[in-house]
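Asks: Mapping of the sequence shown onto the numbering used here: residues 12 to 129, in sequence order. Just so you know, even glycine gets a beta-carbon here, dropped at the ideal spot from N, CA and C. Owing to the predicted nature of the structure, the values given are computational and were not obtained by experimental measurement.
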Amino acid sequence: MQGEKDPYTNSAFGYKNKLARVLWWAVYVLFFRLSPKPMFGWRRFLLRLFGAKIGSGVAVYPGARIWAPWNLVCADMVAIANGVDIYNPEIITLSSHVIISQDSYLCGAPHDYNDPNF
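#1: For residue 89, collect the residues of the same chain with a Cβ closer than 6 Å to its Cβ; drop the 5 residues on either side in sequence, then sort them by chain order.
#2: Between the beta-carbon of residue 62 and the beta-carbon of residue 81, is there less than 9 Å?
#3: Does DSSP classify residue 70 as helix, strand or coil?
#4: Nearest-angstrom Cα distance between residue 123 and residue 112?
#5: When you compare only the Cα positions, how much space is there between residue 76 and residue 126?
#6: Alpha carbons only, please: which of 71, 35 and 98 is nearest the one belonging to residue 60?
#7: Buried or exposed for residue 56, going by 16 or more other Cβ atoms inside 10 Å?
#8: Of the residues 119, 91, 107 and 95, which one's Cα is nearest the Cα of residue 101?
#9: Going by other Cβ atoms of all chains shown within 10 Å of its Cβ, with 16 needed for buried, is residue 54 buried or exposed?
#10: Tell me whether residue 90 sits in a helix, a strand or coil according to DSSP, three-state version.
#11: Could you name the residues that DSSP lists as bridge partners for residue 116?
Right, here's the structure in full:
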């Protein structure tokens with residue numbers, strides 16, 4: 012049928028989301044990933060700049076990869092280690108005093124198993 016979007020070939024994300032992710036990736040590569048390990052405040056600032064809700068005492072290491080900071084909520088005293096990959100097209104919330112260890116993968120992608128196109 013003409014005019015209908017094919018759910019298998021069309022992206023679920025709009026251009027605004029894609030542009031935000033490109034900008035975030037540039038900042039991540041240039042300023043986040045290359046920052047020295049003890050600069051937790053700098054990385055918290057960058058995450059907050061892109062919309063993350065970050066509590067006090069949060070330690071995000073430079074080798075952590077966060078797909079969409081605007082969908083990340085961290086309470087107080089959270090540690091996200093090097094090698095952690097957070098894929099969060101939807102909001103991921105980390106409660107206080109949580110440690111995400113090296114090489115962990117958090118996936119916050121929603122799936123509607125009742126959708127016939129899933």
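Replies: According to the structure data:
#1: Correct list, in chain order: 69, 105 and 109.
#2: Result yes, Cβ atoms of residue 62 and residue 81 sit closer than 9 Å.
#3: Residue 70 falls in the strand class under three-state DSSP.
#4: If you take the alpha carbons of residue 123 and residue 112, they lie about 29 Å apart.
#5: Looking at the two C-alpha atoms, the distance is approximately 30 Å.
#6: Of the candidates 71, 35 and 98, the one whose C-alpha sits nearest the C-alpha of residue 60 is 35.
#7: Of the residues assessed, residue 56 falls on the exposed side of the cut-off, its CB having fewer than 16 other CB atoms within 10 angstroms.
#8: It is 119 whose Cα lies nearest to the Cα of residue 101.
#9: By the neighbour-count rule (16 or more Cβ atoms within 10 Å), residue 54 is buried.
#10: The answer is strand: DSSP assigns residue 90 an E or B state.
#11: Residue 116 pairs with 96.
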